[in-house]
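Residue numbers (the numbering used here), protein chains in the order written: chain F, 284 to 626; chain L, 284 to 626.
Every residue gets a Cβ at the ideal spot worked out from N, C-alpha and C, and that includes glycine.
The structure displayed is predicted, hence computed values, not measured ones.
Here's the structure we're looking at; comments come further down.
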DNA sequence: CTGAAAGCGCTTACAG
DNA sequence: CTGAAAGCGCTTACAG
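See the structure below:
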C-alpha cells in the first residue's frame, strides 16, 4: 500500500558511477569522462555510456563531486528579512537565475542582525559554497566580515551596498528613482514635502534621503519633515503619527518603500485624512501591493529581474574568471503613476 | 588596500582534521573521535584536541562528512510562492527552527507548478538532503512524486496536505478557524455571506470552503455566493468584481486569506463601498498586513511558530527514528478582531 | 584508549 | 583513446 507505484521506479536509490561503468563495460574513469563530455573519449564510448547512464537513471552525486572539486554548485544568500515583499521577490528572481546557471540556493535570514549575518557567512564557508549573494544588514557594521569573506569566496552585494566597496554590487539607481518621483511631484505643484524612509543602516536609506533633499532643492520644493526608520508597514504608520503630531501635512509625502507608503496612508486614513485628497504620497519598489492597495501607489518600480540577472552574472563571472576591479551596477527604476498622486 | 584586515586572520582557509591531528600529535582517528565526543577517548585527549582545534580555527568540512555519512545536514524546502507573506513567515520560522537543530535550509520555489516541484525534489535527492519540508503545489497532482520521494527521504507536508496521506502533516486547523469566524459573524447578526477563497488545488482551499458552508448552515447563515481562485491580492480584487457584478452585497464576506481580504476591500472601496459600513469582511492568516491595513482585519491568526516547531520536530524524529504511522497535526488559530467587522 | 586502513563517489593527472 | 591509482576530508569498524 505504501509501496511506491510504477512511477517511483524511475527514482531509484543511488545508482553510482561504478554501476554505470560496470554495466557499460568500461572503467569508471572513462565513464566519468564520457558523461562529462571531456576530450579524449571516443564518440561511440560517449554514446554508449550515456545510454547506460540514462537507462540506469544515474545522477552524479553532487556531494562526492563537491569534495573532489572543492566546489559545491551551491550559492549562499543572506537577506535581512525574507518577510519584506521586495526581498521575497528578489530571492525568487535570483533563485530562478541561479538554477538557470546550474546552482542551488542556500538561503539564510539575518533578521537584520550583523552577528547573525556573520554566523551564516561562516556556515556558508564551511559548506564550501561557490559564491555568496548578500543584502548587507548594515552598511557599516557588515563591512569587516564581508570583506574578509569576500577575499576568499566570490561575493556580490545586492540591493544594499556597504559603505566601503568590497565586492561587486548590483542595485536600483536611487538617484534616478527619486528624480522621477520628485519631478512628478513638482509637476503636481507640490511645494512642501515630508519624507518617510529607511535609516542610515542601508545604502538605500542614505541615498534615497540624500537624493530627495537635493532634488527637492533643485525643484523649489522644501522638505519640511523627515522620519527615518525601517522599511516596514509599521514604520509607515509611525511616520504618519509623527507627521500628525507635528500638526501640518505637507503637500506630499515621499516614502522610501511601498510598505512604508501603505502604512502611512492607512494610518492617515484612520485619522480622517485621505490620500490624495489631503496630501499626495509616493512609494518605492512596485509590486502587487502598489497595484491593488487603494489608492494605488505612484512608485518607482524596481527592475527586479534585471537586478537578479546581473547579480548572478556578476557572481558567475567572478567564480569562473576570478579577480578584477569591483563593479557597481545601478539599474534604473521606472515611474509608475497611481492614484496616490492623482487628484 | 583590498588585503584582509587583522580580523580576517580568524577566518583561515581550510584547516583540516589532519592539521589538527598533526598539531596535537595524535592520529586523525583520535582527533575525529575527540572532537565528536565519542566514547573510548581519554578525557585529556579530548581536552588537548579541542584546544588545538580551537587554536587552529578548525571547522569540520560538512561536504566530506556528508559523503562519508551519507547525510548532509541539509533540509530541502519547497514553497509554491515565496512572495506570499504567510509563506515567507513560515519559511522564516522553519529556517530558525532548523538552525536550532543543526540543519541548513535549501529553499526552492515551485511557482505553483507540479513539474517544477518534481524537478526540485529530484535535485534535493541528488543533494542527499536529510529531509524535505514541502507545501504541495497541488493536493492531487503533487501526490505521486511526493509519495515516491517520501518512501526514500523523511518528508513532512506543511500548511497544505495532499489528498491522500503520504507523510506527516502539520498545519492550521481550518475547522476551528472558520468556526471562530462564522460564530463571530453570527454574533454580529450576519444572515447572508459571500465566500472568497482558494480553489481546490490546496487542502486549505477545500477545507476552508467546506467548513464555511457547514458552519454557516449550522448558524442559520446562508452562503449566497462563492468565488474561489488563488491566495493573492489580485484574486481578492477579482472576487470583489464578481460580487459587484452580481448586484447584491451580502452581510459579510469571508475571505480565505488576508491577502484576498485586502484585495477585496480595496476593490470594493474603489467602487464606493466601505467596509465595515456596507459589508463585513474577514481574513485568514494574521500578520502585519492585518494589523496595519485599514480597516484592520478580523482574522484567524495562524500559529506560525508552532507550525514551524512541530514540522521540524516531526521531521527530525523521522530522520532519527524512521518509520511509523503518518501523523497529522492540526494547530488551532486564534481569532483576532479588527475593524473590518466592527461597526 | 589509540592508530592504521578502508571507503563514501567522484575527477584527474599519469601511464600506456 | 582507455585504465589503474591517487586523493578530496572525513568517520568508523578493526586491531592492538
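(request) State the Cα-Cα distance for the pair residue 351(F) and residue 319(F), rounded to the nearest angstrom. (result) As a first step, residue 351(F) is located in the first chain; it is residue number 68 there, counting from the start. As a first step, residue 319(F) is located in the first chain; it is residue number 36 there, counting from the start. When rounded, the distance between both Cα atoms is 15 Å.
(message) At the level of alpha carbons, what is the spacing between residue 522(L) and residue 422(L)?
(response) By 1-based counting over the second chain, the position of residue 522(L) is 239. By 1-based counting over the second chain, the position of residue 422(L) is 139. So the two alpha carbons sit approximately 23 Å from each other.
(request) Assuming residue 507(L) and residue 476(L) form a contact by the criterion Cβ under 8 Å, report the distance between their Cβ atoms to the nearest whole angstrom. (result) To locate residue 507(L), count along the second chain from 1; it is residue 224. To locate residue 476(L), count along the second chain from 1; it is residue 193. Their Cβ separation, rounded to whole angstroms, is 7 Å, which keeps residue 507(L) and residue 476(L) in contact under 8 Å.
(message) Only counting the same chain, and skipping five residues up and downstream in sequence, which positions put a Cβ closer than 8 Å to that of residue 289(L)?
(response) Position 6 of the second chain, counted from the start, is the residue given in the question as residue 289(L). Unreliable positioning characterises residue 289(L) in this predicted model, as indicated by a pLDDT of 32, which lies under 50. The coordinate reading is nonetheless provided below. So no residue of the chain qualifies.
(request) Check residue 526(F) in the structure and name its three-state DSSP category. (result) Position 243 of the first chain holds residue 526(F). Helix at residue 526(F).
(request) Counting only runs of 4+ residues fully inside the region 336 to 395 of chain L, write out the alpha helix (DSSP H) ranges in chain order. (result) 345 to 352 and 368 to 383
(message) So residue 515(F) contacts chain L; which residues on that side make the cut at Cβ distance below 8 Å?
(response) Position 232 of the first chain holds residue 515(F). Chain L residues near residue 515(F): 571.
(message) So the candidates are 515(L), 616(L) and 596(L); which of them puts its Cα closest to the Cα of residue 610(L)?
(response) Position 327 of the second chain, counting from 1, holds the residue named residue 610(L). With distances taken between Cα atoms, residue 610(L) lies closest to 596(L).
(request) Run the CB neighbour count on residue 301(F), radius 10 Å, all protein chains shown included, and call it buried at 16 or more, exposed below. (result) Counting from one through the first chain, the residue named residue 301(F) turns up at place 18. Answer is exposed; the Cβ neighbour count stays below 16.
(request) Could you tell me whether any Cβ in chain L is nearer than 7 Å to the Cβ of residue 546(F)? (result) Reading the first chain from its first residue, position 263 is the one you call residue 546(F). Answer yes: the Cβ-Cβ gap between residue 546(F) and chain L drops below 7 Å somewhere.
(message) Please report the distance separating the alpha-carbon of residue 498(L) from that of residue 462(L).
(response) Taking the first residue of the second chain as position 1, residue 498(L) is located at position 215. Taking the first residue of the second chain as position 1, residue 462(L) is located at position 179. If I take the Cα positions, the gap works out to 7 Å.
(message) Within 7 Å of any Cβ in chain L, is that where the Cβ of residue 345(F) sits?
(response) One-based indexing of the first chain puts residue 345(F) at position 62. Judged by the 7 Å Cβ criterion, residue 345(F) is in contact with chain L.
(message) Which residues in chain F have a C-beta closer than 8 Å to the C-beta of residue 410(L)? List them in chain order.
(response) The residue you call residue 410(L) lines up with position 127 of the second chain. Within chain F, the residues near residue 410(L) are 345, 346 and 387.
(message) Distance check for residue 375(F) and residue 393(L), CA to CA, integer angstroms please.
(response) In the second chain, counting from the first residue as 1, residue 393(L) sits at position 110. In the first chain, counting from the first residue as 1, residue 375(F) sits at position 92. Distance between the alpha carbons of residue 393(L) and residue 375(F) is about 10 Å.
(request) Taking only beta carbons into account, state which residues of the region 410 to 430 of chain F come closer than 7 Å to chain L, listed in chain order. (result) 410, 411, 427 and 430
(message) Looking at the secondary structure, which residues open and close the alpha helix (DSSP H) in which residue 466(L) lies?
(response) The residue given as residue 466(L) occupies position 183 in the second chain. Per DSSP, residue 466(L) belongs to the alpha helix (DSSP H) from 457 to 470.
(request) Determine the direct distance from the alpha carbon of residue 384(F) to that of residue 402(L), and round the result to whole angstroms. (result) Numbered from its first residue, the second chain carries residue 402(L) at position 119. Numbered from its first residue, the first chain carries residue 384(F) at position 101. Residue 402(L) and residue 384(F): Cα-Cα distance of roughly 15 Å.
(request) Give the residues of chain L in contact with residue 586(F), contact being defined as C-beta atoms less than 9 Å apart. (result) Numbered from 1 along the first chain, position 303 holds the residue referred to as residue 586(F). Simply none; closest approach about 17 Å.
(request) Provide the residue span of the alpha helix (DSSP H) that contains residue 618(L), from first to last. (result) Residue mapping note: residue 618(L) aligns to position 335 of the second chain, counting from 1. Careful: residue 618(L) lies outside any alpha helix (DSSP H), inside the beta strand (DSSP E) at 617 to 619.
(message) Which residues in chain L have a C-beta closer than 9 Å to the C-beta of residue 559(F)? List them in chain order.
(response) Numbered from 1 along the first chain, position 276 holds the residue referred to as residue 559(F). What residue 559(F) touches in chain L: nothing, since even the nearest Cβ is about 14 Å away.
(message) For a cutoff of 7 Å on Cβ pairs, would you count residue 302(F) as touching chain L?
(response) Translated into the one-based positions of the first chain, residue 302(F) becomes position 19. Chain L contact via Cβ: absent.
(message) Alpha carbons only, please: which of 455(F), 389(F), 306(F) and 360(F) is nearest the one belonging to residue 616(F)?
(response) Against the first chain, residue 616(F) aligns to sequence position 333. Cα-wise, what sits closest to residue 616(F) is 455(F).
(message) Using beta carbons (cut-off 7 Å, strictly below), is residue 381(F) in contact with chain L?
(response) Here residue 381(F) corresponds to residue number 98 of the first chain, with the count starting at 1. Cβ-Cβ to chain L under 7 Å: no for residue 381(F).
(request) Evaluate contact between the region 536 to 544 of chain L and the region 478 to 492 of chain L, counting only Cβ atoms and requiring at least three cross-stretch pairs below 8 Å. (result) yes
(message) Whether or not the region 328 to 346 of chain F and the region 525 to 539 of chain F are in contact is what I'm after, with contact meaning three or more pairs of Cβ atoms, one per stretch, closer than 8 Å; do they touch?
(response) no
(message) Within a Cβ cutoff of 8 Å, which residues of the same chain sit near residue 466(L), ignoring the five residues on either side of it in sequence?
(response) Here residue 466(L) refers to the residue found at position 183 of the second chain. Here the set comprises 498 and 502.
(request) Rounded to whole angstroms, what's the CA-CA distance from residue 304(L) to residue 311(L)? Just pull it up for me. (result) The count along the second chain starts at 1 and reaches residue 304(L) at position 21. The count along the second chain starts at 1 and reaches residue 311(L) at position 28. Each residue's alpha carbon lies about 5 Å from the other.
(message) Less than 7 Å between CB atoms is the rule here; does residue 362(L) satisfy it with respect to chain F?
(response) Position 79 of the second chain, counted from the start, is the residue given in the question as residue 362(L). No - not a single Cβ of chain F is within 7 Å of the one on residue 362(L).
(request) Determine, using beta carbons only, whether residue 566(L) and residue 547(L) come nearer to each other than 7 Å. (result) Here residue 566(L) corresponds to residue number 283 of the second chain, with the count starting at 1. Here residue 547(L) corresponds to residue number 264 of the second chain, with the count starting at 1. Cβ distance not < 7 Å, so residue 566(L) and residue 547(L) don't count as in contact.
(request) Count the other CB atoms, across all protein chains shown, that sit within 10 Å of the CB of residue 562(F); report buried if there are 16 or more and exposed otherwise. (result) Taking the first chain and counting its residues from 1, one reaches residue 562(F) at position 279. The residue is buried, with at least 16 neighbouring Cβ atoms inside 10 Å.
(message) Does the region 425 to 433 of chain L come into contact with the region 569 to 578 of chain L, if we say contact requires no fewer than three beta-carbon pairs (one atom in each stretch) closer than 8 Å?
(response) no
(message) In the DSSP assignment, the alpha helix (DSSP H) including residue 581(L) goes from what residue to what residue?
(response) Translated into positions along the second chain, residue 581(L) becomes position 298. Where residue 581(L) is concerned, there is no enclosing alpha helix (DSSP H), although the beta strand (DSSP E) it sits in stretches over 581 to 584.
(request) Jot down the residue ranges of each uninterrupted alpha helix (DSSP H) in the region 483 to 546 of chain F, minimum 4 residues, whole runs only, in chain order. (result) 486 to 501 and 516 to 529
(message) Between which residues of its own chain and residue 459(L) is the CB-CB distance below 7 Å, once the five residues before and five after are set aside?
(response) As a working mapping, residue 459(L) is identified with position 176 in the second chain. So the list reads 615 and 616, once near-sequence residues are dropped.
(message) Rounded to whole angstroms, what is the Cα-Cα separation between residue 591(L) and residue 323(F)?
(response) Against the second chain, residue 591(L) aligns to sequence position 308. Against the first chain, residue 323(F) aligns to sequence position 40. Roughly 52 Å separates the two Cα atoms.
(message) If you reduce the DSSP assignment to three classes, tell me which class residue 415(L) lands in.
(response) Sequence index remark: in the second chain, residue 415(L) carries index 132 (1-based). Residue 415(L): strand per DSSP, three-state reduction.
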